[in-house]
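Peer 1:
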Amino acid sequence: MIEIKHLAKHFGDLEVLKDISLTINKGEVVTIIGPSGSGKSTLLRCLNLLEQPDGGSILFDGVDIVGGQVKIENIRKNACMVFQHFNLFKNMTVLENMTYAPRVVNKLSKEEARDKALKLLEKVGLSNKAAEYPSRLSGGQKQRVAIARALAMEPEVLLLDEPTSALDPEMVKEVLDVIKELAHTGITMVLVTHEMGFARDVSSVVHFMDEGVLVESGQPEEFFAHPKTERARKFLSTIL
Amino acid sequence: MLDFSVLNPYFPMLLAAVWITLKFTFFSTILGFIGGFILALITLSKNKVLSLLAKVYISVFRGTPLLVQLMLIYFATPQLTTYTISALEAGVLSFGLNSAAYISEALRGGILSVDKGQWEGAMSLGVPKHRLVLDIILPQAIKNALPSLVNESIMLLKDSSLVSVIGVADTLRWADLIQAKTFRAFEAFIVAAAVYYVLVMALNVLGSYLEKKVRVSD
């Protein structure tokens, strides 16, 4: 479904992505792990062009999205992102946050958008928060709303950029539970995370990055038990 | 001694004068806000030429006295074009153009203080840029800039007294006429001052009300 070929990106002199190639199949839960500064978030952000790659191609169902042939909004509405810092719209209530893009971008009617939003809120266990402003929610609740907001767009792929890194420890689980449940619904997900145990449990494929290079890819059981490369072994030994 | 009763016959005239002050402030504020929005968006846009032009505009209008701008527009317009501009038009135009420069700076600050995540949050859902600016960034920017915006309206209200110089029959002009007729300078001008003060206080109250209203999302 998504084919990344020889992707390159640099910020000034710093090469953040070096010749990355990988394939993401429909329905897969793909996790990208690696030390901070390894380029994993940048790779994820390239997938919906929040970062513009400097070289290589990203084929979305065979169509290259790098280089401007495809309207950028059409890519993003199909590859919605969940951020580390939630990025809920502060001037809108939870319900408005969730109905805004479906109405503006997907042209749903007010009622359709509302019904869908309420169903999703129920799924993430926050039905009673529909009328609240984000400032009234805890971090974990904000992130669950952010996930529901992205799902309301019915994207082809959901991108999650360290969704639990900004949360207090006691709130991590409630968010991971929501993601885990999603993982079983057959949605395609690309997840950047530092939660190794979680990555092992939910992923279909794990990609390990270091210093802008895709070092190793594999099945989670295989990768976490018997990493093939020295760098992956070192990384795993420092955090597990 | 002080004798305010000499003013009695002139109070209907005062009402008309206050109405002109209000009308004047209202139209220049509207013009200032529209112009300020446009300028703020241009200075933040990636178009270097337009952005430079807007910066020059802001610099000129903030760097020269308002009274000079007023006179220039009022007296030079008939000379340069064949259009005879009325005093009221000249006033609204110069004050609107001038306050646009100040308002754009307040709004620009407001826009820059909106967290970058708000842009990314909307972009990542496929929201087109113009909608995201209108629906998500500007409401938050206005909220951030509200105190300066209210302040700017108050400045406009007070500065509106400058139009009396080119003969607009506003509140200050009224006081000037009355003191010429009655030789009661103190009574005339103190009434004018009181009128401005009451109007400014009313704007203040409106400002606090608006601030409370935009705080619901905090």
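Chains as they are written, first to last, in the numbering used here: chain H, 1 to 240; chain A, 1001 to 1218. All C-beta atoms in this analysis are idealised placements derived from N, C-alpha and C, irrespective of residue type, glycine included.
Between the region 115-125 of chain H and the region 155-166 of chain H, can you find at least three pairs of beta-carbon atoms closer than 8 Å?
Peer 2: Result no; under three Cβ-Cβ pairs closer than 8 Å.
Peer 1: Which word fits A:Ile1103, buried or exposed, when buried means at least 16 other C-beta atoms lie within 10 angstroms of its C-beta?
Peer 2: Burial call: buried.
Peer 1: What distance in whole Å lies between the Cβ atoms of H:Ala232 and H:Phe198, which are believed to be in contact at a cut-off of 8 Å?
Peer 2: Their Cβ separation, rounded to whole angstroms, is 18 Å, which puts H:Phe198 and H:Ala232 out of contact at 8 Å.
Peer 1: Considering only residues of the region 1068-1120 of chain A, which uninterrupted beta strand (DSSP E) runs meet the minimum length of 3 residues and lie entirely inside it, listed in chain order?
Peer 2: Listed in chain order, there is nothing to give.
Peer 1: Can you check whether the C-beta of H:Ala183 is within less than 8 Å of a C-beta belonging to chain A?
Peer 2: No, because no Cβ of chain A sits closer than 8 Å to the Cβ of H:Ala183.
Peer 1: Could you name the residues that DSSP lists as bridge partners for H:Ser217?
Peer 2: Answer is H:His207, bridged to H:Ser217.
Peer 1: Tell me the residue span of the beta strand (DSSP E) that contains H:Gly55.
Peer 2: Unbroken beta strand (DSSP E) run through H:Gly55: 55-60.
Peer 1: Where A:Leu1157 and A:Leu1177 are concerned, what is the direct C-alpha to C-alpha distance, given to the nearest angstrom?
Peer 2: Using only the alpha carbons, I get a separation of about 20 Å.
Peer 1: Which residues in the same chain have their Cβ closer than 7 Å to the Cβ of H:Ile239, if we skip the five residues on either side of it in sequence?
Peer 2: Answer for H:Ile239: Met196, listed in chain order.
Peer 1: Are there three or more Cβ pairs, one per stretch, closer than 8 Å when the region 1137-1146 of chain A is compared with the region 1106-1126 of chain A?
Peer 2: As far as the Cβ criterion goes, the region 1137-1146 of chain A touches the region 1106-1126 of chain A, which means the pair count is three or higher.
Peer 1: My guess is that A:Val1092 and A:Ser1028 are in contact by the Cβ rule of under 8 Å, so how many angstroms apart are they, rounded?
Peer 2: Indeed they touch by this definition, with Cβ atoms about 5 Å apart.
Peer 1: 8 Å is my cut-off, CB to CB: does A:Val1127 come that close to chain H?
Peer 2: For A:Val1127, the answer is yes, since a Cβ of chain H falls inside 8 Å of its Cβ.
Peer 1: Tell me the rounded alpha-carbon separation between H:Leu47 and A:Leu1203.
Peer 2: One C-alpha to the other measures close to 49 Å.
Peer 1: Can you grab the Cα-Cα spacing for the pair A:Ile1058 / A:Ala1101, in whole Å?
Peer 2: Using only the alpha carbons, I get a separation of about 5 Å.
Peer 1: Return the first residue and the last residue of the alpha helix (DSSP H) that H:Met196 is part of.
Peer 2: Element bounds for H:Met196: 196-202.
Peer 1: Between which residues of its own chain and H:His6 is the CB-CB distance below 8 Å, once the five residues before and five after are set aside?
Peer 2: Once the five neighbours on either side are set aside, the close Cβ partners of H:His6 are Asp19, Ile20, Ser21, Gly55, Gly56, Ser57.
Peer 1: Tell me the rounded alpha-carbon separation between H:Phe223 and H:Leu236.
Peer 2: Rounded to whole angstroms, H:Phe223 to H:Leu236 spans 10 Å at the Cα level.
Peer 1: Within the same chain, show all residues whose beta-carbon is closer than 8 Å to that of A:Gly1167, passing over the 5 residues directly before and after it, in chain order.
Peer 2: So the list reads Ala1087, Arg1173, once near-sequence residues are dropped.
Peer 1: Measuring alpha carbon to alpha carbon, tell me which of H:His10, H:Val206, H:Ser36, H:Ile187 ends up nearest H:Met1.
Peer 2: The option with the nearest alpha carbon to H:Met1 is H:Ile187.
Peer 1: Out of A:Gln1079, A:Leu1199, A:Trp1119, which one is the CA nearest neighbour of A:Val1150?
Peer 2: Comparing Cα positions, the closest option is A:Leu1199.
Peer 1: When you compare the CB of H:Ala264 with every CB in chain A, is at least one pair closer than 8 Å?
Peer 2: For chain H, the structure presents residues 1 to 240; residue 264 of chain H sits outside this window and is missing.
Peer 1: Comparing alpha-carbon positions, which option in A:Ile1073, A:Pro1128, A:Gly1036 lies nearest A:Glu1089?
Peer 2: Of A:Ile1073, A:Pro1128, A:Gly1036, the residue nearest in Cα terms is A:Ile1073.
Peer 1: For a cutoff of 8 Å on Cβ pairs, would you count A:Glu1120 as touching chain H?
Peer 2: It does; some Cβ of chain H falls within 8 Å.
Peer 1: Could you give the residue range of the beta strand (DSSP E) that holds H:His6?
Peer 2: That run of the beta strand (DSSP E) goes 2-11.
Peer 1: Find out if the Cβ-Cβ distance for the pair H:Gly139, H:Met171 is shorter than 8 Å.
Peer 2: Yes, these two residues count as a Cβ contact at 8 Å.
Peer 1: Alpha carbon to alpha carbon, how far is H:Glu96 from A:Leu1022? Give it in angstroms, no decimals.
Peer 2: Between A:Leu1022 and H:Glu96, the C-alpha separation is close to 37 Å.
Peer 1: Which chain A residues sit within Cβ distance under 8 Å of H:Arg103?
Peer 2: Ordered by position in chain A, no residue passes the 8 Å Cβ test against H:Arg103, which lies about 10 Å from the chain.
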